[in-house]
Structures are given as C-alpha cells and as structure tokens.
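Beneath this line is the structure, given in structure tokens, with notes to follow.
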Amino acid sequence: MTTAQESIFKYADGYTHANFIQENFTPKFLEEANATLRAEAEQKCNANLQCVFDFIFTGNEQLARETERTEELAVRANEAASTFNCKMKMMIWRYLTKRYIELHYY
Numbered sequence: 335m336t337t338a339q340e341s342i343f344k345y346a347d348g349y350t351h352a353n354f355i356q357e358n359f360t361p362k363f364l365e366e367a368n369a370t371l372r373a374e375a376e377q378k379c380n381a382n383l384q385c386v387f388d389f390i391f392t393g394n395e396q397l398a399r400e401t402e403r404t405e406e407l408a409v410r411a412n413e414a415a416s417t418f419n420c421k422m423k424m425m426i427w428r429y430l431t432k433r434y435i436e437l438h439y440y
C-alpha cells in the first residue's frame, strides 16, 4: 500500500490519493476461485482472462463482458497504432485508459 507521499500518480481536479486507496483491500486470485464457477466464467467469457476474473469476483456478467470488449478494443487499437506515430499511440492509449477507469471506478 502506498502513502500519498509515495504515490507516483497525478490526480484530476477534485481527486487525491485517498480517493483510490482501500485500506482494507484484500487481493483476490483466480487460483482461489471455485472450479465450477471458473469453468462457467471461462465459457461465458470465451476464456478472456480479464472477463473471467471480473465475472468470478463481481458476479456481474455485464461488467465482465464490458471488460472483455474493452480488452478486445485495446488489442485492436494497439495493432492499428503500430502503424501510427508515437503521438497517435498516446492519444489512443489515453482514450482507452479513460474508458477503463470509467467502467471500473465510476
């Protein structure tokens, strides 16, 4: 766990380190998941690891599918960006990062 002084992130107006820290957070690992639930998640998520994780630990299939779609968009954008200059890659990365944060934190 980081402190506000250790954080390397810059925060948008109105946000601080405290908005993103969960002091009682306990990490979860797929290896701990129920085997039956994991098999169901892998089927529903087409074995997309990020989708599987979200499905198992949130129980929210819609969120898991959005995660899968976001991952697919990121892969496609990365493939397309490989032909663009560095500035264009940064613009795409910022858009996808913002979309990921909106889906998972708001």
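Residue numbers (this note's numbering): 335 to 440.
C-beta: ideal position from N, C-alpha, C; glycine also.
Taking Glu-340 as the reference, which of Gly-348, Ala-346 and Ile-355 has the closest Cα?
-> Ile-355
Go ahead and pull the three-state DSSP assignment for Met-425.
-> helix
With 16 other Cβ atoms within 10 Å as the buried cut-off, status of Ile-342 = exposed
Please say whether Ile-390 and Arg-403 have beta carbons closer to each other than 9 Å?
-> no
Could you say which of Phe-363, Glu-406 and Glu-405 lies nearest to Phe-387 if we only look at CA atoms?
-> Phe-363
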